[in-house]
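> If you scroll down you'll find the structure; I have some questions about it.
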Amino acid sequence: MLLVEDPKLQSVVDVLIQHRQPFKVLEIGCGSCSHIEIPQNSYIVGIDISQKQLDRNEILNEKILADAETYDFPESEFDLIVCWWILEHLSQPEKVLDNCRKALKKDGIMVLAIPNVMSLKGLITKYTPHTFHVWFYRYIFGEKLAGVDDRLPFKTFLRFSISPESVKQFALKNNLSIERLHAYENPRQTKLRARHWLLDTGWKMMALVIKAVSFGKIDAELTDFIVVMKKKM
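All residue numbers for the sequence shown refer to full-length UniProt numbering, where the first residue is 1 and numbers rise by one.
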């Protein structure tokens, strides 16, 4: 399975998880699907605050209806923890990161997919209301059921504590090695710009200005990032 967001992610994960048997996986905010191929005989645990989302996920061996910020995960329990576009929706995402670190086995890996708050899209998302996000999904992306029946978009906090630099610092302080960090432009944004040349031109001009004014700290095109971290022995 090649992910549009990061075609190399699967191969990186495969190398890191090889020869680990039995294999236990935790999906934080598991939603209705998995984003990484894992060994077929794996035991998969999913946690989500939405029963509807849990019900939609048909690959889980165990389902936990709870808040990942406060749930007490067992220590050194999981070989792989996946948290895919979840942390931005939490008011205290650093608590989930701490929970994941505790629950990860030594030599286990954690895969995070997070919007980049230090991007133009990230800052707009952070400082605009949820009603605007729903409107954008419905009338710009064309998703008529957006915001209905536990569907995207969800309420977003997008704390600076989960910026790429903050995640690097978290890894450094918690005996985690960064095996891969891939920043990229969200496919939704790429497709939207491709459809509207005027929007694309304006976006590129604005991107150059903002990058210059922020001394390179804010990037319009690197809207999201994926990071793979390994718990050191």
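Don't be surprised by glycine CBs; every beta carbon is placed ideally from N, CA and C. Values in this document were obtained by computation on a predicted structure and should not be read as measured data.
(1) How is E37 classed by DSSP in three states: helix, strand or coil?
(2) Confirm, please, whether the CB-CB distance from E88 to T156 is below 9 Å.
(3) Quick check on C83: does DSSP put it in helix, strand or coil?
(4) When burial is assigned at 16 or more other CB atoms within 10 Å of the CB, is T125 buried or exposed?
(5) Rounded to whole angstroms, what is the Cα-Cα separation between V228 and V167?
(6) Exposed or buried, M205, counting other C-beta atoms within 10 Å across all chains shown (16 or more means buried)?
(7) Taking buried to mean at least 16 other C-beta atoms within 10 Å of its own C-beta, is D14 buried or exposed?
(8) Under the assumption that Y137 contacts G147 (Cβ atoms under 8 Å), give the Cβ distance between them as a whole number of angstroms.
(9) Buried or exposed, going by whether 16 or more other CB atoms sit within 10 Å of the CB of S119?
(10) Buried or exposed for F132, going by 16 or more other Cβ atoms inside 10 Å?
(11) Taking only the alpha-carbon atoms, compute the straight-line gap between I199 and K231 and give it to the nearest angstrom.
(12) How long is the line joining the alpha carbons of F141 and L192, rounded to whole angstroms?
Walking through what the data contain:
(1) coil
(2) yes
(3) strand
(4) buried
(5) 11 Å
(6) exposed
(7) exposed
(8) 7 Å
(9) buried
(10) exposed
(11) At residue 199 the sequence reads Leu, which differs from the Ile that was named. Looking at the two C-alpha atoms, the distance is approximately 43 Å.
(12) 8 Å
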